Amino acid sequence: MIDNPRSPRVRAVAKLAKKSRRHEAGMFLVEGPQAVREALAHRASDVIDVFMTEQAAMRHQDLVDLASGAGIEVETVTDEVLEQMADTATPQGVIAVHHIVPFTLDQVLQGTPRLVVALDRVSDPGNAGTIIRVAVAAGADAVIVTDESVDIYNPKVVRSTTGSLFHIPFVTDVEWSVAESALRAAGLQVVAADTSGESLPDVAESGGLSTPTAWLFGNEAHGLAQDVLERADRVVSVPQYGPVESMNLATAAAVCLFQSAFALRGHPGSPQG
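The sequence shown begins at 1 in the UniProt record's numbering and counts up one residue at a time.
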């Protein structure tokens with residue numbers, strides 16, 4: 001058992017909360033039983049270490065079994081050690097260290113993608129992680145995160161995906177202009193989400209979402225740059241029917257992505273249904 005919260009190994013794991021150290025080491029933290037479960041079930045070859053308190057190991061025997069099946073020995077640690085390693089103030093007793101596996105635009109757009117999510121200058125980790133989770137739920141094929149957005153390996157982003165990060169290919173730190181060209185070359189229309197745009201129900205009703213689509217979401221406070229909006233194939237807004245100033249970015253993204261998912265699959269209520 002690891003019981004010294006000041007040991008070099010514990011400090012090395014704790015330092016992965018910092019972006020510079022994550023990218024220098026090529027590793028990031030995965031916190032919580034659900035996220036670690038998904039990592040072990042779908043990306044076990046990229047999991048480096050798994051740490052659990054004794055109580056957590058008894059509670060989550062399936063994680064111990066998953067790790068063992070992948071040839072990974074779960075290391076037990078004291079509560080104090082786990083608290084030192086974790087980024088969150090109230091850890092759930094389970095942490096994994098995972099390799100950063102860089103994807104390229106060509107890799108994430110290979111085949112015939114029909115629904116792609118792009119984040120440009122999105123700064124809130126919780127929003128970014130939730131949008132990735134929604135993207136997976138909506139059946140998206142890939143996520144693109146520009147170089148001006150939050151680091152996708154930020155512990156709060158990873159926690160907010162609740163393991164969805166391990167179900168979808170994603171590329172990070174790309175310039176939007178480069179990503180935009182690649183998306184068009186892959187046959188996707190670029191649809192920018194902005195309050196100045198056409199009404200989403202009207203666009204869906206006219207069949208505007210029935211073709212492969214890349215949804216672009218911008219900064220929570222400032223939205224997308226004007227030149228980005230001007231280059232988009234369509235600019236679309238989510239109408240609001242009640243007295244609220246605005247919707248949370250992740251909430252608006254969920255509405256947009258599921259409207260596209262319905263249209264692409266010809267579900268009842270979509271133009272093809």
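Even glycine gets a Cβ: it sits at the ideal position worked out from N, Cα and C.
Note that the structure is a prediction, hence the values are computed from the model and not measured.
So what does DSSP say about residue i, is it helix, strand or coil?
i, result
"Phe114", "Going by the sequence as given, residue 114 is Arg instead of Phe. In this structure, Arg114 counts as coil in the three-state DSSP scheme."
"Gly242", "coil"
"Ala128", "helix"
"Ser7", "coil"
"Val178", "helix"
"Gly197", "strand"
So if DSSP puts residue i in a beta bridge, which residue, or which two residues, is it bridged to?
i, result
"His99", "Met27"
"Ala214", "Val116 and Val190"
"Gly223", "Asn219"
"Val50", "Val74 and Ala96"
"Ile152", "None; Ile152 has no bridge partner."
If we ignore side chains and look at the alpha-carbon of each, how far apart do residue i and residue j end up?
i, j, result
"Met247", "Phe217", "13 Å"
"Ser164", "Ser7", "32 Å"
"Asp79", "His23", "27 Å"
"Ile72", "Ala41", "12 Å"
"Ser196", "Val178", "24 Å"
"Asp87", "Val13", "10 Å"
"Leu63", "Glu31", "13 Å"
"Ser123", "Val136", "20 Å"
"Leu66", "Asp49", "13 Å"
"Met27", "Phe103", "15 Å"
"Arg21", "Thr162", "23 Å"
"Gly266", "Val36", "35 Å"
"Gln55", "Thr76", "9 Å"
"Trp176", "Leu183", "10 Å"
"Val190", "Ala214", "5 Å"
"Val236", "Leu229", "10 Å"
"Gly69", "Ala44", "9 Å"
"Ile2", "Val74", "11 Å"
"Met52", "His167", "23 Å"
"Glu83", "Ala263", "45 Å"
"Pro268", "Ala57", "A caution first: Pro268 carries a pLDDT of 49, below 50, which makes its placement in the model too unreliable to give a value."
"Pro33", "Ile95", "8 Å"
So residue i is in the alpha helix (DSSP H); what residue range does that whole segment cover?
i, result
"Ala204", "Leu200 to Glu205"
"Asp79", "Asp79 to Met85"
"Phe166", "Unbroken run through Phe166: none, as it is neither H nor E."
"Ser237", "No alpha helix (DSSP H) contains Ser237, which is instead part of the beta strand (DSSP E) from Arg234 to Ser237."
"Thr251", "Leu249 to Arg265"
"Gly69", "Gln61 to Gly69"
"Pro33", "Pro33 to His42"
"Leu105", "Leu105 to Val108"
Considering only residues of the same chain and omitting the five flanking positions on each side of residue i, which have a CB-CB separation below 6 Å?
i, result
"Pro125", "Val150, Asn154, Lys156 and Val157"
"Ala138", "Leu257, Phe258 and Ala261"
"Val145", "Leu119, Ile152 and Thr172"
"Tyr241", "none"
"Ser199", "Pro239"
"Ala254", "Val134"
"Phe15", "The amino acid at residue 15 is misidentified as Phe; the sequence shows Lys. Arg21."
Under 7 Å Cβ to Cβ from residue i, same chain only, skipping five residues before and after it: list those, please.
i, result
"Pro113", "Asp141, Ala142, Ala186, Leu188 and Pro212"
"Ala252", "Ala193 and Val238"
"Asp46", "His98, His99 and Val101"
In the DSSP assignment, the beta strand (DSSP E) including residue i goes from what residue to what residue?
i, result
"Ala142", "Ala142 to Thr146"
Is any beta-carbon of chain C found at less than 9 Å from that of residue i?
i, result
"Thr78", "Within the model displayed, chain C is absent; a lone protein chain is all it includes."
Identify, in the order they occur along the chain, each residue of the same chain with its Cβ nearer than 8 Å to the Cβ of residue i, setting aside the five sequence neighbours on each side.
i, result
"Gln107", "Pro169 and Val171"
"Asn4", "Val10 and Val81"
"Lys19", "Asp151, Tyr153 and Asn154"
"Ala250", "Gly126, Asn127, Thr130, Ile131 and Val134"
"Asp233", "Gln189, Val190 and Val191"
"Leu105", "Ile144, Val171, Val174, Val178, Ala179 and Ala182"
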